[in-house]
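> Next up is a structure, given as structure tokens.
Protein chains in written order, with my numbering: chain C, 55 to 624; chain L, -10 to 432.
Following this line, the structure appears as structure tokens:
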């Protein structure tokens, strides 16, 4: 016989306004193995938690069920309270009678009360069969791997290293600095990209805690949060052997972005007409020591057409998303052009002007009003050469008229796409991406710098296109997560993981292919399946797959679930 | 745990989503945080939101576990209903004086039972509900408030106004009501400071030509947010204020005082395009036979899955986007008539709407000026806190040891605020670790 205590929360009027909590308490007092049941206004408050602690001692309870809000809210609270009374925190269960009952059945209080008692009884049945587990403890390697030596990767690496932890920084190319190093000038202050990040590059190169690997990529990854083993290999050499495994505890992905390939932009004449260039080409032309010259004949272009949203916001031919940075860099390029060629004319074809950052709107207004850059709202229909010019046909959707501009140079703001090889890297790291290949964050609102894999974090445009200040902020955010992880004395993990009833395991190996976390293997000597508890995320795939029902999850066993279902009266 | 060169303990000012994130990131890395919030409870504007773009997650459902985590964190010392009054010293050792406003409730005795709020006879307009709902004179911001302790508002309390009532005092089972309470001051010493004071909305009293404040069926975005919210005054039903009917034609107006250097602010408020699209989408989900119109200048949906969200609003929910400015809003025969121009067709547009929702500009927190003086920081021309350098140092200020997070620096949405708060926390953590604080280092 177990002695379960049941604690029913009013949650003010949130629960008690609909559910008759005293009726629920009365029903539970009569239920087998329930030694004690009581209600309280706010069980999560300090007096509420004290009430649980005292009841455990006074009534010699060996299990706790709190009927309250969702376990997402206060499971940790109540488990801590249970543990402080000397019990295992894992014999405390939450019956969700708020989100799953009172809030959704306000119109039917009588049935809500019956359902609340039902939900609570199911959790009593679970608690009766709970083992008093203890949290698992794992070792922790306090060294980080940062993948990508652009602005995001350098910033993240520096933050972690400055905090005193060793960092392995891996960059596929032979230099640091990424895309920013290729910019002639950045908005809003036009300072040159290489100058902007020179100090950062020096800091990374000279940092005693940063181990820099240029022309290197990640070959393979094993392990789990706190205990990854990564192998590196020379970049771009498929035949080369991977090196010895390095141990790291956390990983930051900062692989940045690429531009949509110019070769796939036929209707703009990209690749065919020499005076049609990409935004990144134009950055290089702006920075040329010989001054701005157009590629075909080396003359100074007097009329330049900038075309935004080339394959961005274009689900039919390109990508449905907005590349976020093009509106601002186009305005910047047009303004830099006007500085170099004051008597030249710049035109910008746009759909919407997106200048939503600090000082950005003002920057674009100045481009129009002070630099006389002509913004035309519309798409470009055709680009073709004629008499040494590149003619741009487009529509001005504000006047409704067709526009024809014989340009000397056409600059395409091509879509930002995931860095080449991002998908393969994602597979190697077992990290999720979106359909385009940008790495997926754990939650779009509240966990933007975490991947869905524990211990792997995201910085910069690897997650989605973003500009320099947003990248700096995010890289710092990712570093903060690493610092929090490394500050722990040891890593603890939930013990509610899969296990094998070895007497009935036939060693067939179905669980190995079912497990998405590579937590399963066969113990060859004994011929049974085993679980690596550090990798197991208690998803239950092995439980469903096992033909012998030898796979179970601790405190979520088949017996428990069946007993919970049988407790239902509705 | 005192470091060699500074106190490894942080002050975070403001407990909205940015301040909470900064506090959690610092505290979870093993350091103490003093978190000061002017409101009676934490959570900031995000707690007022119904659902969030682009996933339409319920804001309270994702945020309240965070507020609980902050409220119960062993390394976060929370002062709500308090403000930073004086700061002396420099990075490594700031002496901070915190003014605690009188709640007229002894929070040490209060159990948060809620009886006082239930029985209080005085009702007034609720700031949390944006003025579209009521609260009592003794109140918490929401039933899930952290901490779950009420305050008495002397401006609406019958006892404070007329010298009698004291119903809450008589009923309180723990004798926690204290009408004699005065403001108190506490001193804290910290090594670094994060400013996360967020934003406010452009005052709707100054939006005369849109009928705000005069026509009851002209609401601000935040008021509409409360109408959408399941915990709001209408329990999530969209009912227009004038007659409680379901509005069948709703006009949303973007850039109200944003991008408007003549009458408002020159900058873009960054979040309005997306929340307006969300408003229109949620409206269509609740009132499928209704029509939503959005007046815009440019649609700015430059975030992950944002463009796709706008496209769904247009294509799946039939929200009608009209590119143009609104010239006049006036009441006529129970309708709110909106005159505007469609700059794509070049024609004037007239819509007889049942409800008009204004996406008003984001402005700095009204206390930012005072706080900037207290901290010795500079504000930019628009009144937001000025970062040291816009590109590479967006979280740093001109004063070492003081950092910026979230909309205090400039308008930003939730994920950008969370990322920047983490970035500010990283700056603080790096300092603390250099001073020799914190847990084990090396491999």
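All C-beta atoms, glycine included, are put in the ideal place defined by N, C-alpha and C.
Which residues of the stretch 255 to 275 of chain L have a Cβ closer than 7 Å to any Cβ of chain C? Give them in chain order.
For the stretch 255 to 275 of chain L, the beta-carbon criterion of a distance under 7 Å to any beta-carbon of chain C is satisfied by 255, 256, 257, 259.
> How many whole angstroms separate the CB atoms of residue 392 of chain L and residue 423 of chain L, which I take to be in contact at a CB cut-off of 8 Å?
Contact flag wrong, Cβ pair sits at about 15 Å.
> Any residues in the stretch 287 to 321 of chain L with a beta carbon nearer than 8 Å to a beta carbon of chain C? Which ones, in chain order?
287, 288, 289, 290, 291, 292, 293, 294, 295, 296, 297, 300
> Under 8 Å, Cβ to Cβ, is there at least one residue of chain C near residue 137 of chain L?
Yes, because at least one Cβ of chain C sits closer than 8 Å to the Cβ of residue 137 of chain L.
> What residues of chain C sit near residue 30 of chain L, judged by a beta carbon separation below 8 Å?
Residues of chain C passing the Cβ test: none, with the nearest at roughly 14 Å.
> Could you tell me whether the stretch 510 to 520 of chain C touches the stretch 139 to 152 of chain C, using the rule of 3 or more Cβ pairs below 8 Å?
no
> Can you say whether residue 337 of chain L is buried or exposed, counting buried as having 16 or more other CB atoms within 10 angstroms of its CB?
exposed
> Quick check on the burial criterion: 16 or more other C-beta atoms within 10 angstroms. Buried or exposed for residue 208 of chain C?
buried
> Which residues of the stretch 146 to 161 of chain C have a Cβ closer than 7 Å to any Cβ of chain L? Give them in chain order.
Those would be none; no residue qualifies.
> Along chain C, which residues have their Cβ under 8 Å away from the Cβ of residue 248 of chain L?
415
> Measuring only the C-alpha atoms, how far is residue 46 of chain L from residue 226 of chain C?
So the two alpha carbons sit approximately 38 Å from each other.
> Identify the contact partners of residue 46 of chain L in chain C, using a Cβ-Cβ distance below 7 Å as the criterion.
499
> How would you label residue 323 of chain L, buried or exposed, when you count the other beta carbons within 10 angstroms and need 16 or more for buried?
Residue 323 of chain L should be labelled exposed.
> Using three-state DSSP, classify residue 465 of chain C as helix, strand or coil.
Strand at residue 465 of chain C.
> So if DSSP puts residue 117 of chain C in a beta bridge, which residue, or which two residues, is it bridged to?
C/58
> Taking only runs that begin and end inside the stretch 117 to 199 of chain C, name each unbroken beta strand (DSSP E) of 3 or more residues, in chain order.
Taking only runs of at least 3 residues, the beta strand (DSSP E) segments lying wholly in the stretch 117 to 199 of chain C are 117 to 122, 146 to 150, 190 to 192.
> Is residue 592 of chain C buried or exposed, if buried means 16 or more other CB atoms sit within 10 Å of its CB?
buried
> For a cutoff of 8 Å on Cβ pairs, would you count residue 100 of chain L as touching chain C?
It does: the Cβ of residue 100 of chain L has a partner Cβ on chain C nearer than 8 Å.
> Measure from the C-beta of residue 277 of chain C to each C-beta in chain L and report whether the shortest distance is under 8 Å.
In terms of beta-carbon proximity, residue 277 of chain C stays away from the interface with chain L, with every pair separated by 8 Å or more.
> Compute the beta-carbon to beta-carbon distance between residue 41 of chain L and residue 403 of chain L, rounded to the nearest angstrom, for a pair I have assumed lies under 8 Å.
7 Å
> Please state whether DSSP places residue 107 of chain C in a helix, a strand or coil.
helix
> Below 7 Å between beta carbons is the criterion; list the residues of the stretch 60 to 86 of chain C that meet it against any residue of chain L, in chain order.
66, 68
> Tell me whether residue 104 of chain C is buried or exposed, calling it buried when 16 or more other Cβ atoms sit within 10 Å of its Cβ.
exposed
> Taking CB distances under 8 Å as the criterion, tell me whether residue -8 of chain L reaches chain C.
Note that residue -8 of chain L has pLDDT 49, beneath the 50 cutoff, so the model's placement of it is unreliable and the number below is only indicative. So no, residue -8 of chain L is outside the interface.
> Return the chain-ordered ranges of every beta strand (DSSP E) run that is complete within the stretch 11 to 86 of chain L and spans a minimum of 3 residues.
List check, beta strand (DSSP E) in window: 21 to 26, 65 to 69, 71 to 79.
> According to DSSP, is residue 380 of chain C helix, strand or coil?
helix
> In terms of residues, what are the limits of the alpha helix (DSSP H) holding residue 567 of chain C?
That run of the alpha helix (DSSP H) goes 564 to 568.
> Is residue 37 of chain L close to chain C? Criterion is C-beta to C-beta, closer than 8 Å.
Closer than 8 Å: no.
> Between residue 191 of chain L and residue 352 of chain L, is the Cβ-Cβ spacing less than 8 Å?
It is a contact, given that the beta carbons lie within the stated cut-off.
> Taking DSSP as the reference, what is the three-state secondary structure of residue 545 of chain C?
Here residue 545 of chain C sits in strand by DSSP.
> Going by DSSP, what residue range makes up the beta strand (DSSP E) through residue 399 of chain C?
Unbroken beta strand (DSSP E) run through residue 399 of chain C: 399 to 404.
> Assess, as a yes-or-no matter, whether the stretch 406 to 414 of chain L is touched by the stretch 525 to 532 of chain C under the definition of 3 or more beta carbon pairs within less than 8 Å.
yes
> Check each candidate in C/561, C/588, C/579, C/580 and name the one with the smallest Cα separation from residue 571 of chain C.
C/588
> Within the continuous beta strand (DSSP E) that includes residue -4 of chain L, where are the two ends?
Premise fails: residue -4 of chain L is in no beta strand (DSSP E) and is neither H nor E.
> Flag this pair as touching only if the stretch 209 to 220 of chain L and the stretch 374 to 382 of chain L have three or more C-beta atom pairs under 8 Å; answer yes or no.
Segments in contact, no.
> Tell whether a beta-carbon distance below 8 Å holds between residue 88 of chain C and residue 62 of chain C.
no
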